[in-house]
Amino acid sequence: MREFTEKDLVRKNDARSHLVYHGGALPYFSFAPFDERGLINAFTTKKGGISTGYFEELDLGLSLEPMEILRENYLRAAKVLNVDPMKLVSSWQTHTTNVRRMTAEDAGKGPFRNRDYKDVDGMVTDVPGLTLVTYYADCVPLYFYDPVHRAIGLSHSGWKGTVGRMGEKTVRKMQECFCTDPKELLAGIGPSICRDCYEVSEDVAEAFRQNIPMEECGSILFPGKAPGKYQLDLWEANRRVMLSAGISAENIFVTDICTKCNAELLYSHRVMGMKRGIQAAFFGLPEEKKTEEKPKDSRKKQKSCGAVVFRDTDSGRAFLLVRQRKGHWSFPKGHVEGNETEAETAGREIREETALSVQFFPGFRSEYTYEKMPGVWKTVVFFLAKPCGGTLRFQKEELMDAGWFTEKEAGEQITFERDRKVFREAVQFLNGKALEP
Ligand SMILES: [Zn+2]
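Residue numbering for the sequence shown is 635 to 1071, as defined by my numbering.
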């Protein structure tokens, strides 16, 4: 079979596309803004698998074909996407708006282990290495990435899901599980049927009129080409749901690839009916590789980020301290990795060291630099944060202990003066805040 190239694609918008087409033996699409941030993200096509007949080649649906064939297809896709096939986790789509949090225990459920859940059309996770998988043949894939709390969401939104505001439900779940601030989210609306191709009848139009504000319907529902029919713009409808959930317009990346316009490459229910396979969206946080300490370089400057984490209790404020393996007490912190921002590093390190998710307290940032060893200067940046999820559990590989201390206890427990200085600044800042009306 001839190779399908970029030139063969039908793209809908004139604007620069966010979707990159990766040709080759197993072609797929990815969002450039997610690629730039190191995320595993893909939307597969018909091509590159071993399915035959009307399933064509890369059917990934979990229902119709024998598992041996499907598993081979999954293994091939996982290889191209460079993910661990045993850590794929599948939805169980029935056009609901149910969103499930997936944890490390869910690894492999779908293609390689039985799913012990059903009626799950959306998933969220903060587990690196776990790859979420959802299924499509015209419906809309929604991708969500929270760079601050390092968490993702992936949801299936057909017309029913769109009316049910699936995008918003997914954002709410991420807020609940990871303290996500919608303003910080990046979101993708993936390949699916375009407005010109999606004719709907009166009942669907009515469902939208009932559930979407009238003034928005004008940008979503259009007169049909045939009498009594409508053209429905699911891309714009889902974009508006995302906006109303609090995501910034500039952080929403909308597809310009329609499944029906590109039916030679993609499965489209409107073109093929039930005689077709199913393509999948993949979304995952990359595996966190523990990099070996690099050889000491005298010119190298090191940087760590962390936070003074506090919570309010009946007997006053409590502060989170951790005891490093070398024996000293300090705040959770660690090295900046890759292209992380300071806050991303702090959030990730706190989560890794203490299993707590935190929300940063705006307006506080303290930093110091010290000579770690002759010629090696280390800068440490601290924010102020409150826990908003998880239960304190310290990472035994890196820490000896962790716990909550009163202000007085913490002041005495902290080992180094440079950390005590940060602590005093943080307390002063909080007391100043408390005085404000
Ligand atoms: Zn189209």
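Glycine included, C-beta positions come from ideal geometry on N, C-alpha and C. Only a predicted model underlies this, so the values are computations on that prediction, with no experimental measurement involved.
Can you tell me where the beta strand (DSSP E) with residue i in it begins and where it stops?
i	result
Met757	756-759
Lys817	That residue, Lys817, is in no beta strand (DSSP E); it is neither H nor E in DSSP.
Thr988	Unbroken run through Thr988 is the alpha helix (DSSP H), 976-988; no beta strand (DSSP E).
Val654	653-656
Arg734	733-735
Pro762	Where Pro762 is concerned, there is no enclosing beta strand (DSSP E), given that its DSSP letter is neither H nor E.
Asp1078	An answer regarding residue 1078 cannot be provided, because it is not within the stretch 635 to 1071 covered by the chain.
Asp780	774-780
Answer yes or no: the CB of residue i versus the heavy atoms of ligand 1, is any distance below 7 Å?
i	result
Lys894	yes
Cys773	no
Ile827	yes
Asp890	no
Cys831	yes
Compare the beta carbon distance of residue i and residue j with 8 Å and say whether it is the shorter of the two.
i	j	result
Leu788	Gly763	no
Leu819	Val805	yes
Lys967	Gly940	yes
Val717	Ile674	yes
Val992	Gly981	yes
Tyr770	Ala952	no
Val733	Lys807	yes
Ala712	Thr678	no
Gly1037	Leu955	yes
Ile912	Leu694	yes
Phe1017	Phe994	yes
Ser938	Val1056	no
Phe665	His656	no
Cys838	Trp869	For the sequence presented, residue 838 should be read as Val rather than Cys. No, they are not a contact pair.
Cys895	Val644	yes
Val1109	Lys1012	Outside the shown range of the chain (635 to 1071) lies residue 1109, about which nothing can therefore be said.
Asp867	Ile886	no
Gly822	Thr731	no
Thr686	Val723	no
Ser826	Asp772	yes
Gly682	Glu690	no
At what residues does the alpha helix (DSSP H) containing residue i begin and finish?
i	result
Asn845	836-845
Asn716	Careful: Asn716 lies outside any alpha helix (DSSP H) and carries neither H nor E.
Trp793	793-797
Gly801	800-812
Ala860	Counting along the chain, Ala860 falls outside any alpha helix (DSSP H), and DSSP gives it neither H nor E.
Pro1021	Looking at the DSSP string, Pro1021 is not in any alpha helix (DSSP H); the run it does join, the beta strand (DSSP E), is 1010-1023.
Phe916	Where Phe916 is concerned, there is no enclosing alpha helix (DSSP H), although the beta strand (DSSP E) it sits in stretches over 913-918.
Residue i by DSSP, collapsed to three states: which one?
i	result
Cys851	helix
Asn741	Inspection of the sequence shows that residue 741 is occupied by Ala rather than by Asn. Ala741: coil per DSSP, three-state reduction.
Ser878	helix
Leu704	helix
Tyr688	helix
Thr1040	strand
Gly940	strand
Gly1045	helix
Lys646	coil
Glu1001	strand
Asn896	coil
Ala883	helix
Phe994	strand
Met906	helix
Gly787	strand
Ala659	coil
Ala676	strand
Val888	strand
Arg1054	helix
Phe638	coil
Phe1028	coil
Glu927	Low local confidence applies: a pLDDT of 48 at Glu927 is under 50, so the model's placement there is unreliable, and no value is given.
Gly1066	helix
Arg749	coil
Arg959	coil
Tyr970	The residue asked about is misnamed: residue 970 is Val in this sequence, not Tyr. In the structure shown, Val970 sits in coil (DSSP, three-state: anything other than H, G, I, E or B).
Arg829	coil
Ala711	helix
Leu1033	strand
Leu698	coil
Ala871	helix
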